[in-house]
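Residue numbers (our numbering): 386 to 636. By construction, the Cβ of each residue, glycine as well, lies at the ideal position given by its N, Cα and C atoms.
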């Protein structure tokens with residue numbers, strides 16, 4: 386069709402414009418695998434993003450919209466309010482130079498660029514509301530306490546990101562190294578162990594032609610998206626062992 390490949394179809398946008406003045410609650414379900422321009426969410430109260438397609442998708446969306454199922458998914462992409470402009474500039478640069486833009490793509494690039502995004506990688510809401518605190522942080526695991534403070538059951542995907550090292554090979558400011566999904570009953574509190582594989586601190590050495598643990602100080606973040614930096618822990622990795630652990634929490 387004509388127009389932006391990332392925007393909702395014109396007739397859907399026109400429907401939103403017509404419904405907005407009525408003062409009713411509006412929910413949008415956007416289905417598809419193409420990159421999505423998220424600027425439409427200014428005209429609705431909530432948005433459901435379903436990537437892919439299957440025979441049961443319609444039933445699943447209906448149950449989620451009417452509250453029979455809790456939405457538990459997380460974005461595996463980054464969504465922008467000016468997606469077409471961003472993707473065009475990337476394609477233009479690749480066409481002119483024949484090379485990718487920088488070393489990193491996705492949240493690894495935009496996290497360090499200061500660019501404003503609409504919804505970050507890993508983002509997704511549940512009908513419940515959970516609070517989180519870091520109990521313990523080590524090289525091999527992170528212990529996180531979760532509390533569901535709502536009257537309904539909730540799901541949360543705890544994501545652990547790591548950044549730092551000895552500044553040898555190029556490394557993103559932070560990278561997803563572990564995650565786990567947890568279901569909590571109303572008012573339930575639980576402590577979750579999230580294993581961290583040793584490869585989270587490895588980098589490929591071109592000189593030695595092998596993967597090696599990169600020594601140095603690392604930050605570990607436990608959050609609910611790539612942009613969530615409320616729970617942070619500091620560790621030192623020396624030859625595969627941790628010598629110091631500090632935890633900092635900011636609400």
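Query                                                                                                             : Result
Length-filtered (3 minimum) beta strand (DSSP E) runs lying within the region 527 to 596                          : 539 to 549, 560 to 569, 574 to 580 and 587 to 590
Rounded straight-line distance, which links the Cα of residue 415 to that of residue 422                          : 10 Å
Nearest-angstrom beta carbon gap, residue 567 and residue 605 [assumed within contact, 8 Å]                       : At roughly 18 Å, the Cβ-Cβ gap does not stay under 8 Å, so residue 605 and residue 567 are not in contact.
Assigned secondary structure, residue 489 (DSSP; H/G/I helix, E/B strand, else coil)                              : coil
Distance between residue 560 and residue 399 (C-alpha atoms, nearest Å)                                           : 39 Å
Beta-bridge partners of residue 433, as assigned by DSSP                                                          : 414
Pairwise C-alpha distance: residue 618 and residue 426                                                            : 34 Å
Inter-residue CB distance, residue 550 and residue 558 (contact presumed, cutoff 8 Å)                             : About 11 Å; that fails the 8 Å criterion.
Environment of residue 393 [buried if 16+ CB atoms lie within 10 Å]                                               : buried
Proximal residues to residue 520 (C-beta, below 7 Å), its chain only, five neighbours per side dropped            : 528, 529, 530 and 576
Whole-number beta carbon distance between residue 511 and residue 661, since they are thought to touch under 8 Å  : Outside the displayed range of the chain (386 to 636) lies residue 661, so it cannot be described from this structure.
Residue 502 and residue 494 closer than 8 Å at C-beta                                                             : no
Boundaries (first-last residue) of the beta strand (DSSP E) holding residue 327                                   : Any property of residue 327 remains undetermined from this structure, which presents the chain solely from 386 to 636.
Residue 417, buried or exposed, once every other Cβ within 10 Å from all chains shown has been counted against 16 : exposed
Beta carbon of residue 442 nearer than 8 Å to that of residue 508                                                 : no
Whole-Å CB distance - residue 546 paired with residue 611, under 8 Å assumed                                      : 7 Å
Proximity to residue 562 [Cα-Cα], best of 603, 466 and 500                                                        : 603
Buried or exposed (CB count within 10 angstroms, at least 16 for buried), residue 524                             : buried
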